[in-house]
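J.: Below is a structure I'd like to ask you about.
There are 2 protein chains.
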Amino acid sequence: MTTLIFGHQNPDTDALTSALSFAEYQRQLGNTDVEAVALGEPNDETKFALNYFKAQAPRVIEKAAPNDVMLVDHNEFPQSVSDIEDVRIRAVVDHHRLANFHTTYPLYYRGEPVGSTNSIIFELFEENEFTIPAQLAGLMASGIISDTLLLKSPTTTDLERRVLPELAKIAGIDLEEYGLAMLKAGTNLAAKSDLTIVEGDAKSFTMGGKTIRIGQVNVVDLNEVYARQAAIEQTMTDELSKNGYDSFLLIATNILDSDSTGFVVGSGKEELEKAFNGKFDENGRLALPGVVSRKKQVVPPLQAVYEG
Amino acid sequence: MTTLIFGHQNPDTDALTSALSFAEYQRQLGNTDVEAVALGEPNDETKFALNYFKAQAPRVIEKAAPNDVMLVDHNEFPQSVSDIEDVRIRAVVDHHRLANFHTTYPLYYRGEPVGSTNSIIFELFEENEFTIPAQLAGLMASGIISDTLLLKSPTTTDLERRVLPELAKIAGIDLEEYGLAMLKAGTNLAAKSDLTIVEGDAKSFTMGGKTIRIGQVNVVDLNEVYARQAAIEQTMTDELSKNGYDSFLLIATNILDSDSTGFVVGSGKEELEKAFNGKFDENGRLALPGVVSRKKQVVPPLQAVYEG
Numbered sequence: 001m002t003t004l005i006f007g008h009q010n011p012d013t014d015a016l017t018s019a020l021s022f023a024e025y026q027r028q029l030g031n032t033d034v035e036a037v038a039l040g041e042p043n044d045e046t047k048f049a050l051n052y053f054k055a056q057a058p059r060v061i062e063k064a065a066p067n068d069v070m071l072v073d074h075n076e077f078p079q080s081v082s083d084i085e086d087v088r089i090r091a092v093v094d095h096h097r098l099a100n101f102h103t104t105y106p107l108y109y110r111g112e113p114v115g116s117t118n119s120i121i122f123e124l125f126e127e128n129e130f131t132i133p134a135q136l137a138g139l140m141a142s143g144i145i146s147d148t149l150l151l152k153s154p155t156t157t158d159l160e161r162r163v164l165p166e167l168a169k170i171a172g173i174d175l176e177e178y179g180l181a182m183l184k185a186g187t188n189l190a191a192k193s194d195l196t197i198v199e200g201d202a203k204s205f206t207m208g209g210k211t212i213r214i215g216q217v218n219v220v221d222l223n224e225v226y227a228r229q230a231a232i233e234q235t236m237t238d239e240l241s242k243n244g245y246d247s248f249l250l251i252a253t254n255i256l257d258s259d260s261t262g263f264v265v266g267s268g269k270e271e272l273e274k275a276f277n278g279k280f281d282e283n284g285r286l287a288l289p290g291v292v293s294r295k296k297q298v299v300p301p302l303q304a305v306y307e308g
Numbered sequence: 001m002t003t004l005i006f007g008h009q010n011p012d013t014d015a016l017t018s019a020l021s022f023a024e025y026q027r028q029l030g031n032t033d034v035e036a037v038a039l040g041e042p043n044d045e046t047k048f049a050l051n052y053f054k055a056q057a058p059r060v061i062e063k064a065a066p067n068d069v070m071l072v073d074h075n076e077f078p079q080s081v082s083d084i085e086d087v088r089i090r091a092v093v094d095h096h097r098l099a100n101f102h103t104t105y106p107l108y109y110r111g112e113p114v115g116s117t118n119s120i121i122f123e124l125f126e127e128n129e130f131t132i133p134a135q136l137a138g139l140m141a142s143g144i145i146s147d148t149l150l151l152k153s154p155t156t157t158d159l160e161r162r163v164l165p166e167l168a169k170i171a172g173i174d175l176e177e178y179g180l181a182m183l184k185a186g187t188n189l190a191a192k193s194d195l196t197i198v199e200g201d202a203k204s205f206t207m208g209g210k211t212i213r214i215g216q217v218n219v220v221d222l223n224e225v226y227a228r229q230a231a232i233e234q235t236m237t238d239e240l241s242k243n244g245y246d247s248f249l250l251i252a253t254n255i256l257d258s259d260s261t262g263f264v265v266g267s268g269k270e271e272l273e274k275a276f277n278g279k280f281d282e283n284g285r286l287a288l289p290g291v292v293s294r295k296k297q298v299v300p301p302l303q304a305v306y307e308g
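Chains as they are written, first to last, in UniProt numbering: chain A, 1 to 308; chain B, 1 to 308.
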């Protein structure tokens with residue numbers, strides 16, 4: 001039976017393209033009966049990358065059983081396919097914290113504290129002396145560009161600085177030019193519904209027994225978010241009620257100057273102020289200077305406050 | 001601050017020697033401030049290996065804080081150092097199921113469904129083109145021999161079949177001769193207290209909300225265990241009461257003919273019979289023909305019954 005390979009819910013570019021690259025790696029290893037799928041439609045940024053390299057979006061699945069699965073770019077069950085508890089997990093490749101995850105059987109698990117999942121998959125190709133096709137190299141580069149904001153995010157490691165130029169060369173792209181075009185394609189706020197802004201890249205985290213939903217949206221001008229703040233917060237409140245979250249945090253990140261603003265509904269205001277040593281202003285905005293990474297700069301300090 | 005590297009509680013030969021080999025790997029990577037330690041004294045088999053290769057046993061620790069840690073040959077917190085929740089886990093290398101484990105930060109995690117942790121560490125040396133010193137090669141070979149019963153256990157994979165002869169060559173040992181001598185050194189039941197037989201290699205597992213303790217002892221003649229069965233079962237009952245286990249299972253394994261007998265105290269008799277499709281006889285012995293691996297042949301079917 002086909003083994004399904006997929007990234008997290010609300011797939012971003014690294015999640016979606018690392019499913020494609022890990023599937024190709026598995027095929028070159030000799031595991032031909034694998035299929036890259038996704039837990040959601042590509043976002044605008046990912047669509048730009050797929051179009052540019054003339055690649056198809058993987059089909060979207062709702063459930064995985066009875067197939068075995070391989071997870072890329074995530075491990076936490078609340079971020080995975082709905083029936084993850086019912087399927088056999090054969091492999092994981094990821095660069096996030098490891099939590100809310102367990103298996104009955106030993107598995108292949110390759111986790112590294114690096115900037116993107118595609119960088120780890122690049123290492124796998126390299127260790128086995130496999131060849132990366134040009135189209136795939138472009139998609140892998142897109143995943144790395146997305147996760148590291150073109151090597152500017154503090155999540156960037158030496159691995160990305162080495163790997164991304166190599167992939168760009170294989171793909172035949174100008175890194176700066178292509179990268180900025182791709183990132184900007186994902187920031188067109190006018191084309192996004194309130195729900196997409198709020199939920200498009202949101203993930204759930206369990207902290208101190210509470211369910212914290214954290215969304216992030218990239219922009220080139222934070223005023224575009226401020227202009228829609230009331231509608232955005234209403235949508236966050238609706239999602240919080242509907243799904244029983246304790247807190248819903250949205251981070252709006254200016255990718256050009258690497259600053260963010262935080263908004264919150266539900267509980268958690270006090271915890272956020274403590275975590276970031278700041279105050280929400282009279283408009284309900286928390287300045288997060290220098291913050292661009294949810295994984296590295298938002299989740300750890302917030303978790304420390306909730307569980308401290 | 002020194003990063004501590006250690007295997008699971010009740011260290012077996014693979015747990016103890018993989019701490020040594022992963023520490024050497026880290027040093028060759030450039031992380032010189034690491035120390036291999038252990039969560040217990042070496043058993044008779046491991047002592048034989050350490051003596052043979054003129055190596056010192058790592059010092060035993062009770063707590064790890066405030067040091068960072070790297071785990072080898074285990075990941076589950078109940079099998080790790082007592083204050084594992086309080087320390088930062090930098091890396092894990094393991095070949096077991098992944099469960100009861102979580103981190104706040106991304107980490108290096110290398111898990112593979114193979115026969116021993118030392119085989120994975122061999123791959124790490126190989127990928128980096130690092131050199132394995134002869135003494136360390138002997139210790140790594142000992143870990144693989146122990147975990148795979150000299151390549152006869154069903155946990156053995158092609159990786160061990162490839163790696164073990166290479167290590168034996170570096171170490172300058174005759175694999176069959178050394179391997180059998182080492183395994184037999186661990187089976188001298190006359191020299192083992194009842195408590196060592198019961199607890200010497202025991203691990204705790206959570207299954208369906210219950211705490212199941214599973215010990216294993218290797219022998220060359222099962223009659224040596226039968227002759228002490230009453231005292232052994234009394235010791236199991238004492239340990240169960242003292243530690244609040246729901247069930248205590250002991251597997252006695254004949255390493256020469258690859259068969260086992262199971263004994264149980266507390267609850268779990270029915271679950272065991274169902275898991276192994278057999279019956280405890282009038283002496284309280286459950287025949288487990290062909291069963292030699294707790295990890296591969298005992299835990300998964302038992303967990304399926306408890307959680308099925």
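Where a beta carbon is used, it is the ideal one built from N, C-alpha and C, also for glycine.
Quick caveat: nothing in here was measured; it's all calculated off a predicted structure.
1) How close, in whole Å, do the beta carbons of Asp246 (chain B) and Ile212 (chain B) come, if the pair is a contact with beta carbons under 8 Å?
2) Can you tell me whether Arg97 (chain B) is helix, strand or coil according to DSSP?
3) DSSP has residue 332 (chain A) in a bridge; who is on the other side?
4) Could you spell out where the alpha helix (DSSP H) holding Ser260 (chain A) opens and where it closes?
5) Which residues in the same chain have their Cβ closer than 6 Å to the Cβ of Ser153 (chain A), if we skip the five residues on either side of it in sequence?
6) Taking only beta carbons into account, state which residues of the region 153-181 of chain A come closer than 8 Å to chain B, listed in chain order.
7) Would you call the region 243-262 of chain B and the region 198-214 of chain B in contact, with 3 or more CB pairs under 8 Å?
8) Which value, in whole angstroms, describes the spacing of the CA atoms of Leu167 (chain B) and Ala141 (chain B)?
9) Could you give the first and the last residue of the continuous beta strand (DSSP E) run that contains Ala36 (chain B)?
10) Starting from Thr103 (chain B), find everything on chain A with Cβ-Cβ shorter than 7 Å and list it in chain order.
11) Listed from N- to C-terminal order along the chain, which residues in the UniProt domain "DHHA2" (179-306) of chain B have their beta-carbon within a distance smaller than 9 Å of any beta-carbon of chain A?
12) From residue 309 (chain B) to Val81 (chain B), what does the alpha carbon distance come to, in whole angstroms?
13) Below 7 Å between beta carbons is the criterion; list the residues of the region 107-135 of chain B that meet it against any residue of chain A, in chain order.
14) Hey, Glu45 (chain A) and Leu4 (chain A): beta-carbon distance below 8 Å or not?
15) With burial defined as no fewer than 16 other Cβ atoms inside 10 Å of the residue's Cβ, what is the status of Glu62 (chain B): buried or exposed?
16) State the Cα-Cα distance for the pair Leu50 (chain B) and Phe6 (chain B), rounded to the nearest angstrom.
17) Flag this pair as touching only if the region 118-134 of chain A and the region 16-24 of chain A have three or more C-beta atom pairs under 8 Å; answer yes or no.
18) Whole angstroms is fine: what's the gap from Thr187 (chain A)'s alpha carbon to Lys274 (chain B)'s?
19) What separation, rounded to the nearest whole angstrom, lies between the Cα atoms of Ile232 (chain A) and Thr13 (chain A)?
20) May I have the straight-line CA-CA distance separating Val264 (chain A) from Gln135 (chain A), to the nearest angstrom?
21) To test your reading of the DSSP string, which unbroken beta strand (DSSP E) runs of 3 or more residues are found completely within the region 60-138 of chain B?
22) Could you name the residues of the same chain whose beta carbon sits closer than 6 Å to that of Glu224 (chain B), not counting the 5 residues immediately before and after it, in chain order?
T.: Quick look at the numbers:
1) Position 246 of the second sequence, counted from the first residue, corresponds to residue 246 (chain B). Position 212 of the second sequence, counted from the first residue, corresponds to residue 212 (chain B). About 6 Å; that satisfies the 8 Å criterion.
2) Numbered from 1 along the second sequence, position 97 holds the residue referred to as residue 97 (chain B). When DSSP states are grouped into helix, strand and coil, Arg97 (chain B) belongs to the strand group.
3) Since the first and last residues shown for chain A are 1 and 308, residue 332 (chain A) lies out of range.
4) Here residue 260 (chain A) refers to the residue found at position 260 when the first sequence is read from its first residue. Taken as a continuous stretch (DSSP letters only), Ser260 (chain A) belongs to no alpha helix (DSSP H), being part of the beta strand (DSSP E) at Asp259 to Gly266.
5) Here residue 153 (chain A) is taken as the residue at index 153 of the first sequence, counted from 1. The residues are Val292 and Ser293.
6) none
7) yes
8) Position 167 of the second sequence holds residue 167 (chain B). Position 141 of the second sequence holds residue 141 (chain B). Going by the C-alpha atoms only, they are around 6 Å apart.
9) The count along the second sequence starts at 1 and reaches residue 36 (chain B) at position 36. Here the beta strand (DSSP E) through Ala36 (chain B) covers Val34 to Ala36.
10) Taking the second sequence and counting its residues from 1, the one referred to as residue 103 (chain B) is at position 103. Ordered by position in chain A, the residues that pass the 7 Å Cβ test against Thr103 (chain B) are Arg97, Leu98 and Ala99.
11) Lys295, Lys296, Val299, Pro300, Gln303 and Ala304
12) The structure shown does not extend to residue 309 (chain B), since chain B is modelled only from 1 to 308, so the question has no answer here.
13) Leu107, Tyr108, Tyr109, Arg110, Gly111, Glu112, Pro113 and Glu127
14) Working through the first sequence from its first residue, we reach residue 45 (chain A) at position 45. Working through the first sequence from its first residue, we reach residue 4 (chain A) at position 4. No, these two residues do not count as a Cβ contact at 8 Å.
15) As a working mapping, residue 62 (chain B) is identified with position 62 in the second sequence. Per the 10 Å Cβ criterion, exposed.
16) On the second sequence, residue 50 (chain B) is found 50 positions in, with the first residue counted as 1. On the second sequence, residue 6 (chain B) is found 6 positions in, with the first residue counted as 1. Leu50 (chain B) and Phe6 (chain B): Cα-Cα distance of roughly 16 Å.
17) yes
18) One-based indexing of the first sequence puts residue 187 (chain A) at position 187. One-based indexing of the second sequence puts residue 274 (chain B) at position 274. Distance between the alpha carbons of Thr187 (chain A) and Lys274 (chain B): 57 Å.
19) Numbered from 1 along the first sequence, position 232 holds the residue referred to as residue 232 (chain A). Numbered from 1 along the first sequence, position 13 holds the residue referred to as residue 13 (chain A). The alpha-carbon atoms of Ile232 (chain A) and Thr13 (chain A) are separated by roughly 23 Å.
20) Position 264 of the first sequence, counted from the start, is the residue given in the question as residue 264 (chain A). Position 135 of the first sequence, counted from the start, is the residue given in the question as residue 135 (chain A). The C-alpha of Val264 (chain A) lies about 40 Å from the C-alpha of Gln135 (chain A).
21) 69-72, 89-94 and 108-111
22) Counting from one through the second sequence, the residue named residue 224 (chain B) turns up at place 224. Same-chain partners within the cutoff: Leu189.
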